[in-house]
Structures are given as structure tokens and as C-alpha cells.
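Position 161, counted from 1, in the sequence shown is what our numbering calls 195; the numbers after and before it change by one each time, with no gaps.
Where is the CB? At the ideal position from N, CA and C, for every residue including glycine.
These notes concern the structure reproduced below.
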Amino acid sequence: MPKTDFIIERNFIGVGHGRMHAATCGAGFPVLLLHQTPRSWDEYRDVLPLIGGHRRAIAIDTPGFGDSEPLPGIPTIEGWAAAAFELLSALAVERFAVVGHHTGATIAAEIAARAPDRVAAAVLSACPFVDGARRERHANQRVIDDVTERADGGHLAELWNRRRPFYPENDTELLRRFMADALRSGPLAVEGHHVVNRYRMEDRLGLIACPTLVLVPENDPNARSGNAVAAAICGSVMRSIPGAQVPFPDQMPAIFAEQVDGFLRDHGC
């Protein structure tokens with residue numbers, strides 16, 4: 035892997051619906067990094083300098099998360115993908131690779147399906163497979179970050195403990211970073227999960243034409259649909275990552291970056 039002393043630059047970029055925030059590192063072929071719900075670019079804080087050693091790594095805050103202004107109306111995966119394209123256009127990025135984790139993987143899949151001429155490669159980490167059965171199953175299901183706000187702050191402990199089993203044992207730093215992003219995202223901490231579960235992914239995966247790597251964190255129970263995702267994308271490659279959990283990019287930044295770097299290098303990016 036490259037050196038890790040590359041500077042991360044943070045900027046606000048004006049797009050159609052308002053301002054979006056991006057953290058960038060390095061130079062060369064552009065790589066767009068998309069985070070899970072309810073995180074922010076911070077999920078890739080330790081990954082950016084690693085990828086930025088060889089490429090131009092761009093980690094954005096999805097509209098409504100981190101420091102990016104929300105979309106008007108009800109958010110959708112399609113709307114978030116369109117906003118990402120606007121941001122890339124503002125940065126004069128034409129052809130690029132896209133990387134996403136959880137919700138970010140869903141947005142990345144939509145981006146790759148929408149613009150096969152612009153997306154050179156895709157890496158989908160812990161990508162859900164959203165079809166009719168999943169939409170029906172999740173329609174009225176309580177999502178993990180759905181806690182009722184209470185004046186005594188008890189909901190903060192509840193949220194912490196709902197997430198804790200999916201994080202490395204006693205790693206309070208990763209949970210603290212999660213909590214900071216979750217609190218800042220407000221209602222989208224819950225709605226972001228519903229946005230994913232409303233998406234018609236089964237209509238889109240077959241349109242992905244670029245080389246695609248499907249990463250499956252082995253200790254992430256939400257990543258069990260990796261086989262279905264990989265099977266739906268012609269020519270895709272699937273790799274399981276031992277020990278990786280829900281916070282894979284910030285839990286194992288070096289391993290995550292190695293997977294991305296190696297795959298992009300193998301495909302000329």
C-alpha cells in the first residue's frame with residue numbers, strides 16, 4: 035500500500051438542490067466513495083489517504099447526511115445518485131470508479147447502472163439485494179436506528195446498544211464516530227434505511243456493465259445477500275472478508291483500501 039501522509043481537503047460544492055460536502059485526497063484517476071446510513075465521509079477518513087496514494091479519492095456526504103444539504107421532498111436512491119453526478123460534474127470529473135458500503139453500495143449500483151459509459155469500475159461492499167420479497171418484508175419493520183427521542187437522553191444509550199453487537203467488542207471509538215454521524219443526520223438516520231428498502235434494485239443490477247467487485251464482510255449479518263448481488267451483475271467477482279463487520283471501511287481501512295486498490299489496478303483504473 036502507498037504512504038498515508040496525503041492531505042485530505044474538504045470543500046463545499048454547489049449543486050441543484052444546495053451545497054454538498056466532499057473530502058478529497060490524492061491525484062489521478064477519480065474514485066467516488068459513498069457511505070452507509072447514517073454515516074458521512076468520516077466512514078472513509080482512514081481509507082482516503084490509502085487510496086489517495088495512487089488516485090484521486092473523493093468521499094462525499096450523501097444529501098442530508100454529514101454536511102450535505104438534504105434533497106427536497108422524499109429522498110430516493112435515484113435522487114441521491116443524481117446529486118452525486120451533479121457534484122462530479124462540478125468537479126469536472128467525467129469518467130470514474132465508484133465504491134460504496136451498505137447504503138452507499140446501493141447508490142453506487144444505481145450510478146453504475148445509469149451511466150455505463152462513465153463508470154469504469156464498481157466496488158459494492160455489503161450491498162443489500164432489494165427485490166419484491168425484501169420490500170414486502172421490510173415495509174413495516176423497525177430498522178436498527180429507530181429509537182424514540184427522550185428528554186433524559188435514554189435514547190442515546192439505546193441506539194448505542196442496538197448498534198454495539200455489530201461492532202468490534204469494546205471498540206468505543208468506532209461507536210463514537212457512528213453516534214456523532216447518527217445524531218447529526220436526525221430523522222434520516224431512520225429514513226435512510228427505508229430509502230434503500232424502497233429501491234427497485236432487481237430492475238437495475240442487470241444494467242451494470244463495468245467490472246464489479248462485490249465485497250462481503252463475513253461478520254456483517256446484513257451482507258448475506260452478496261451471492262444474489264453478484265449473480266445479478268454479469269461478470270462480477272465476489273470476495274469474502276474474514277472478520278469484517280458492519281463498519282468495515284473504518285474497522286479495517288487498510289484491508290478495505292487494498293481490496294479497492296487491487297481491483298481498480300487490475301482493471302486499468
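Identify, in the order they occur along the chain, each residue of the same chain with its Cβ nearer than 7 Å to the Cβ of residue i, setting aside the five sequence neighbours on each side.
i, result
"K37", "Residue placement at K37 cannot be trusted, given a pLDDT of 46 that sits under 50; what the coordinates show is reported in the next sentence. Excluding positions up to five away in sequence, the list reads G87."
"D165", "M235, E236"
"T182", "H189"
"G240", "A266"
"W114", "T96, P97, I141"
"V49", "A117, E120, L121, A124"
"C244", "A146, P150, V153, A154, A155, A156"
How far does the alpha helix (DSSP H) with residue i in it extend, from its first residue to its last?
i, result
"F99", "Looking at the DSSP string, F99 is not in any alpha helix (DSSP H), and its letter there is neither H nor E."
"L217", "206-219"
"L190", "188-197"
"G134", "Taken as a continuous stretch (DSSP letters only), G134 belongs to no alpha helix (DSSP H), being part of the beta strand (DSSP E) at 130-135."
"P83", "82-85"
"R299", "287-300"
"S123", "111-124"
"G260", "260-266"
In three-state terms, what does DSSP make of residue i?
i, result
"F46", "strand"
"P36", "Confidence at P36 is low in this model, with a pLDDT of 44, below 50, so the placement of that residue is unreliable and no value is reported for it."
"V56", "First, the amino acid is wrong: residue 56 is Ala here, not Val. Of the three classes helix, strand and coil, the one that applies to A56 here is strand, per DSSP."
"H235", "Checking the sequence shown, residue 235 turns out to be Met, not His. The answer is helix: DSSP assigns M235 an H, G or I state."
"T182", "coil"
"T71", "coil"
"R79", "coil"
"L105", "coil"
"P281", "coil"
"R176", "coil"
"P251", "strand"
"V224", "helix"
"A243", "coil"
"I141", "helix"
"A93", "strand"
"V65", "strand"
Taking 7 Å as the cut-off, is the beta-carbon of residue i closer than that to any non-hydrogen atom of the ligand ATP?
i, result
"A264", "With respect to the ligand ATP, the structure shown offers nothing to examine, as it has no ligands at all."
Beta-carbon separation of residue i and residue j under 8 Å?
i, j, result
"I242", "A156", "yes"
"L158", "L249", "yes"
"P255", "E77", "no"
"S274", "E252", "yes"
"P97", "M54", "yes"
"R169", "N231", "yes"
"W194", "L208", "no"
"I94", "W75", "yes"
"R129", "R148", "no"
"Y201", "P281", "yes"
"E225", "P109", "yes"
What residues in its chain sit with their C-beta under 8 Å from that of residue i, if we drop five residues either side in the sequence?
i, result
"M35", "Residue placement at M35 is poorly supported in this model, since its pLDDT is 42, which falls under 50; the coordinates are not used for a value here."
"P106", "H51"
"A173", "N231"
"E192", "V181"
"L222", "T71, P72, G98, F99, P104, P109"
In chain order, what residues of the same chain have a beta carbon less than 6 Å from the beta carbon of residue i, not counting five sequence neighbours either side?
i, result
"G302", "none"
"R90", "G60, A61, G62, P64"
"F163", "S259, A262, V263"
"I42", "A57, C59, L82"
Can you tell me where the beta strand (DSSP E) with residue i in it begins and where it stops?
i, result
"R273", "271-275"
"V157", "153-159"
Measuring CB atoms only, is the stretch 119-139 touching the stretch 78-96, in the sense that at least three cross pairs come out at less than 8 Å?
yes
contact_flag[the stretch 208-226, the stretch 61-74] where n(CB pairs < 8 Å) is 3 or more
yes
Answer yes if the stretch 253-268 comes into contact with the stretch 107-122, meaning at least three C-beta pairs across the two stretches below 8 Å, and no otherwise.
no
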